[in-house]
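Residue numbers (the working numbering): 32 to 282.
Glycine included, each C-beta is placed from N, C-alpha and C at the ideal position.
In this text the structure is predicted, and so the values were computed from the model without any measurement.
Before any comments, here is the structure.
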Amino acid sequence: MFMKQMDNEFVRDSEGSWVAPLPFRVPRQPLPSNRQQALHRANMLDTSLNRNPVKREHFLTFMSKILDNNHAELAPPLHEHEECWYLPLFGVYHPKKPDQIRGVFDSSAKCNGVSLNSVLLTGPDLTNDLLGVLLRFRKEMVAVTADVQHMFHCFVVRKDHRNYLRFLWHKDNDLQENLVEYRMRVHVFGNSPSPAVATLGLRKAAQASEQEFGSHVTSFVTRDFYVDDGLTSCPTKEEAVKLMKDTHSKH
32 MFMKQMDNEF
42 VRDSEGSWVA
52 PLPFRVPRQP
62 LPSNRQQALH
72 RANMLDTSLN
82 RNPVKREHFL
92 TFMSKILDNN
102 HAELAPPLHE
112 HEECWYLPLF
122 GVYHPKKPDQ
132 IRGVFDSSAK
142 CNGVSLNSVL
152 LTGPDLTNDL
162 LGVLLRFRKE
172 MVAVTADVQH
182 MFHCFVVRKD
192 HRNYLRFLWH
202 KDNDLQENLV
212 EYRMRVHVFG
222 NSPSPAVATL
232 GLRKAAQASE
242 QEFGSHVTSF
252 VTRDFYVDDG
262 LTSCPTKEEA
272 VKLMKDTHSK
282 H
């Protein structure tokens, strides 16, 4: 069901961005109102940030990137009885990146026994076999590595589904300002289908550009990526440079 839905509805908009819906289960349980829960979590996050100035600056930097890159927008008023969902926010650190925090949109947070993830299709595991990727990486003389920055954020959420990605954050990213309602415009880290959505989107982008940039780009993106990391090898450095330039030109 996931692949059928995505193949039909994963499209490119007038600005060239790839747009996909949230893949809801059919049928699914209606979502309850969880704004009060999200407000409680937002206040807890404020308390945590105010106790730790370093964490506070890291989190403000993360949110600044989200807002400056237009990955989130001010949420419009809701219509009466319009279904929506609020994502609580929290921050996590990677052990090897102590100076960078990743804001996580908690799609698994439950309200009345229901979470956003519980009504979404997870999607198939589209990840390439790591052993195959590594073997091809060692096959030729010139090794090449690449990655896709913020891979999930490369794919836009269909506009009529963005109210399921609402969240509370301070106006203008200023902790002295009141909490206001934003909503994400892109697929988020925390949603269970986001890995499958992003992998499928990356492959669709490669396939759509094959006539312009060649099958070598399509093969690299579809066969030699492990999630957001690309690893391959080429017989010569000239071929390696061309592959990277052609891939970067479109993606």
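Collapsed DSSP secondary structure at residue i in the structure displayed
i	result
L210	strand
R193	helix
F41	coil
G163	helix
H282	Unreliable positioning characterises H282 in this predicted model, as indicated by a pLDDT of 48, which lies under 50. The coordinate reading is nonetheless provided below. The answer is coil: DSSP assigns H282 none of H, G, I, E or B.
L199	strand
F93	helix
M75	helix
Identity of the residue in the options nearest residue i by Cα
i	options	result
R59	L152, G163, Y124 and D99	L152
V145	L109, V248 and Q68	Q68
R216	V258, F55 and V188	V188
G47	Y195, D130, K235 and Q180	K235
L233	F244, T249 and F220	T249
F33	P155, T176 and V173	P155
V19	S95, A239, L147 and R87	Residue 19 falls outside the range modelled here, since the chain spans only 32 to 282, and no answer is possible.
F168	D77, F256, A229 and V123	F256
F90	M75, L105, H71 and V123	V123
N39	E270, V228 and H247	V228
V175	L53, V252 and R82	V252
Minimum Cβ-Cβ distance from residue i to chain B less than 7 Å
i	result
R234	Of the protein chains in the structure, only one exists, and it is not chain B.
Residues that DSSP places opposite residue i in a beta bridge
i	result
S264	A174
E104	R214
A51	V188
F256	G261
* **Completely contained beta strand (DSSP E) runs for the segment 119-159, where each covers 3 or more residues** => 120-125 and 128-136
* Asked: Do the segment 112-126 and the segment 59-74 touch if we need at least three Cβ pairs shorter than 8 Å?
  -> yes
* Is it a yes or a no for the segment 261-273 touching the segment 163-170, going by three-plus beta-carbon pairs under 8 Å? -> yes
* Count the C-beta pairs between the segment 123-142 and the segment 212-229 that are closer than 8 Å, then say yes if the count reaches three, no if not. => yes
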